[in-house]
Amino acid sequence: MQPGGGAYICGEETALLESLEGKRGNPRNKPPFPAVWGLYGCPTVVNNVETIADIPWIVNHGGDAYAAIGVGKSTGTKLISACGNINKPGVYEIELGITVEDFIYSDEYCGGIANGRELKAVVAGGSSVPILPKNLILTTANNEKRLMTYESLSDGGFATGTMLGSGGFIVFDDQQCIVRNLWNFSRFYHHESCGQCSPCREGTGWMEKVLHRIEYGHGKMEDIDLLVSIAKNIEGKTICPLGEAAAWPVASAIRHFRAEFEAHVKNPDSCCKKHLHRELVHSH
Ligand code: SF4
17 MQPGGGAYIC
27 GEETALLESL
37 EGKRGNPRNK
47 PPFPAVWGLY
57 GCPTVVNNVE
67 TIADIPWIVN
77 HGGDAYAAIG
87 VGKSTGTKLI
97 SACGNINKPG
107 VYEIELGITV
117 EDFIYSDEYC
127 GGIANGRELK
137 AVVAGGSSVP
147 ILPKNLILTT
157 ANNEKRLMTY
167 ESLSDGGFAT
177 GTMLGSGGFI
187 VFDDQQCIVR
197 NLWNFSRFYH
207 HESCGQCSPC
217 REGTGWMEKV
227 LHRIEYGHGK
237 MEDIDLLVSI
247 AKNIEGKTIC
257 PLGEAAAWPV
267 ASAIRHFRAE
277 FEAHVKNPDS
287 CCKKHLHREL
297 VHSH
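Numbering-wise, the sequence shown is residues 17 to 300 according to this note's numbering.
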């Protein structure tokens with residue numbers, strides 16, 4: 017047993033190996049991949065706990081039985097960690113292939129939107145994947161019910177789809193401010209960037225600052241396209257996927273909720289005054 021240092025980036029497999037070797041948890045350039053050059057230079061298999069936890073069931077029941085669960089290439093079960101504005105937050109083991117609508121609204125899982133509010137948006141696979149508004153998370157662009165599968169959630173590419181990712185399923189009700197939530201995500205990724213690559217190290221900080229000024233009423237209309245440009249200049253130009261993890265939510269939020277960003281610039285008091293007021297109340 018080797019305790020980790022607590023850094024988010026050490027969930028990236030090569031950063032994890034560096035950390036295990038007693039070094040700073042910086043992701044490695046790949047290739048070589050860990051199966052060729054892993055811990056102390058030896059071939060290494062890195063799996064997460066979820067995968068390992070499936071093994072006893074597969075040994076007992078057989079691989080075919082496990083593969084028979086699910087739809088298409090999305091076979092087996094998946095742990096979904098559901099949180100946000102839902103009645104029943106928690107970790108659910110689902111059979112891949114149920115509809116997103118069932119997952120959100122059925123009593124077996126999330127139990128619907130809390131306090132009788134309406135669904136506004138969902139981040140389906142952890143804070144690093146594109147955010148989708150209600151209409152696109154429940155149905156695909158072809159008007160089919162969106163399923164909790166790798167294929168269905170990514171249907172439409174990033175224009176209208178997202179990713180199942182880590183299974184961190186965050187639900188936003190109609191009172192949630194997209195700009196404020198994005199600023200929160202960006203703060204996190206800026207803090208967690210290991211700093212090796214300039215696009216990620218500098219870009220996450222720029223996104224955080226620009227989102228902060230939009231959120232706090234000092235934004236300019238051109239800041240919205242500036243954010244898109246920063247996100248584009250991070251994507252695909254970094255050693256590990258943390259860069260994309262920071263860029264995709266911002267780019268998708270502007271794609272689907274641009275009007276909300278514009279409203280913040282035109283009338284900063286329109287949405288977030290209640291948050292600012294709450295912070296003031298709590299600080300006294
Ligand atoms: S993308 Fe970010 S976290 Fe990943 S190696 Fe580069 S600087 Fe570090």
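Just so you know, even glycine gets a beta-carbon here, dropped at the ideal spot from N, CA and C.
Residue range of the beta strand (DSSP E) that includes Thr93: 93-100
Report the rounded CA-to-CA distance for Tyr82 versus Leu227, giving the unit in angstroms. 44 angstroms
Give the C-beta separation of Ser202 and Thr220 to the nearest angstrom, bearing in mind that I take them to be a contact with Cβ-Cβ under 8 angstroms. 7 angstroms
Residue environment, Tyr205, which counts as buried when at least 16 other CB atoms sit within 10 Å: buried
Going straight from the alpha carbon of Glu231 to that of Asp80, what length do you get? 51 angstroms
Backbone CA spacing between Cys126 and Asn158 [nearest angstrom]: 25 angstroms
Distance check for Val61 and Ala69, CA to CA, integer angstroms please. 15 angstroms
If I measure Cβ to Cβ from Gly22 and keep anything under 6 angstroms in the same chain, skipping five residues before and after, which residues do I get? none
Based on the DSSP secondary-structure assignment, which residues constitute the bridge partners of Lys161? Thr155
Might you give, ordered along the chain, the residues of its own chain that have their beta carbon closer than 7 angstroms to the beta carbon of Ser182, omitting 5 neighbours on each side? Gly141, Gly142
Could you tell me whether the region 113-124 touches the region 86-104, where touching means 3 or more Cβ pairs closer than 8 angstroms? yes
Residues around the ligand SF4, please: the condition is that the C-beta lies closer than 6 angstroms to some non-hydrogen atom of it. Ile25, Pro43, Ser209, Cys210, Gly211, Gln212, Cys213, Cys216, Arg217, Thr254, Ile255, Cys256, Leu258, Gly259
Note down, in chain order, each residue of its chain lying with its Cβ closer than 8 angstroms to the Cβ of Glu29, except the 5 sequence neighbours on either side. Pro50, Val62
Three-state secondary structure assigned by DSSP to Leu135: strand
Who are the near neighbours of Cys26 in its chain, counting only those whose CB is closer than 7 angstroms to its CB and skipping five residues on each side? Gly20, Leu32, Ser35, Gly41
Where does the unbroken alpha helix (DSSP H) through Ile270 begin, and where does it stop? 258-282
Can you give the beta carbon distance from Phe188 to Ala137, rounded, assuming they're within the 8 angstroms contact cut? 4 angstroms
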